[in-house]
Amino acid sequence: MKESITSWVAGSTALVRVFSIDIFIKDELWLSYLKKSLNLSIAILCLGGQYAAAVLRFRVLKGLNYLHGRHVVHRDLKPENILLSANDVIKICDFGLSRLKWQTDRPLDMSTNVGTLWYQAPEMLMENSNYDAMIDIWSVGIIFTELVNTLPLVTQNSNAHQLSHLVKILKWRTEDLVDVNNYLRESGYNQNVGNQLKSSSKSYAVTNTVAELRKVFPQFTLSMLDLVASCLQLNPANRKNAEQLLHMKFFTEGRFSFHIDKLLEIRIKNDKM
């Protein structure tokens, strides 16, 4: 597995660089040193305004798109695992829980006892081991909201409580809630969240989530709400992948991606000096 890490991160400046792996003598991994984590910089980024936060979102998705394109599921995306260089270039780190997940006809069972509760996707909260890279997309959506209020969307201390509060805030009303109801009931959590079920079509689900997110984040633009809603879908099949998210209006209006790519080229070059 350690040999694989080198190939995962070698080709992207959005991932922490691996310099060498010593598995014969000390079993050590030598990485780039970055002194700041996103966890320590969120308040500063919030004060830096929407543009600074947009740059961060773009950069994280770039790194995630690279990983997922190589069948790597990170499984523990959170602010502590997103580092900033001296020139504030965003890099994803900590692949200790990552797994290679090849595209096959059969789902690959993976442990659900990984990751950090507040950033876990609903399928992980419900202990469904047949998950895929869409769990990372969910985590990204939570991180994106954290850039606004400096806290994750929900901060409960158990799977059932976390899931229940997500339902209360996002008010999912699709057929997928049947599974949520069953899990909460089996967990001894007395709450019926399966009322007024609607069609589970992707367009309905995203539109409904946008409407609920607007109540929590009235300062978000419509394109920002659409971006986050496309991450925070109960059904992973309704979430957009990283490449699709990068092509959403939030990043394409005003030639944002073109300008930020140019800015990052300069920052990355300065990091190497």
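Here the sequence shown stands for residues -14 to 258, numbered as in our numbering.
Note that the Cβ used here is the ideal one computed from N, Cα and C, for glycine as well.
- For W103, the closest C-alpha among the options E171, S124 and A227 is that of S124.
- Listed as beta-bridge partners of K153 by DSSP are no residues whatsoever.
- Secondary-structure assignment with DSSP links V40 through no beta bridge to anything.
- Boundaries of the beta strand (DSSP E) harbouring K76: I75 to I77, taken from the DSSP string.
- Look at the beta carbons and you see the segment 122 to 139 touching the segment 214 to 233: at least three pairs across the two are nearer than 8 Å.
- Boundaries of the alpha helix (DSSP H) harbouring L169: L162 to E171, taken from the DSSP string.
- Listed in chain order, the non-local C-beta contacts of A145 below 7 Å within the same chain comprise L169, S172 and Y174, local neighbours out to five positions each way being set aside.
- Between L69 and H59, the C-beta gap is not smaller than 8 Å, which leaves the two residues out of contact.
- Ranked by how close their Cα comes to the Cα of N166, the residues N193, K63, S215 and M111 have M111 in first place.
- Excluding residues up to 5 positions away in sequence, W103 lie with their Cβ nearer than 7 Å to the Cβ of T140 in the same chain.
- By the neighbour-count criterion, in which a residue is buried when 16 or more other Cβ atoms sit within 10 angstroms of its Cβ, S149 is buried.
- In this structure, the straight-line span from the alpha carbon of L217 to that of G126 is close to 6 Å.
- Rounded to the nearest whole angstrom, the CA to CA distance from Y36 to W157 is 30 Å.
- Cα atoms of L219 and G239: separation of roughly 31 Å, rounded to the nearest angstrom.
- Checking the DSSP bridge columns, you'll see I67 partnered with I77.
- Collapsing the DSSP output to three states places V58 in a strand.
- Excluding residues up to 5 positions away in sequence, F235 lie with their Cβ nearer than 7 Å to the Cβ of M209 in the same chain.
- Around N142, the same chain offers L102 as residues with beta carbons nearer than 8 Å, after the five sequence neighbours per side are excluded.
- Assignment of K187 by DSSP, reduced to helix, strand and coil, places it in the helix class.
- Setting aside the 5 residues that flank it on each side, V201 is surrounded in the same chain by I154, each with a C-beta closer than 7 Å to its C-beta; the list follows chain order.
- For A190, same chain residues with a beta-carbon under 8 Å away, outside a window of 5 residues either side, are W157, T159, Q218, L219, N220 and N223 in chain order.
- L212 and Q105 have their C-alpha atoms roughly 18 Å apart.
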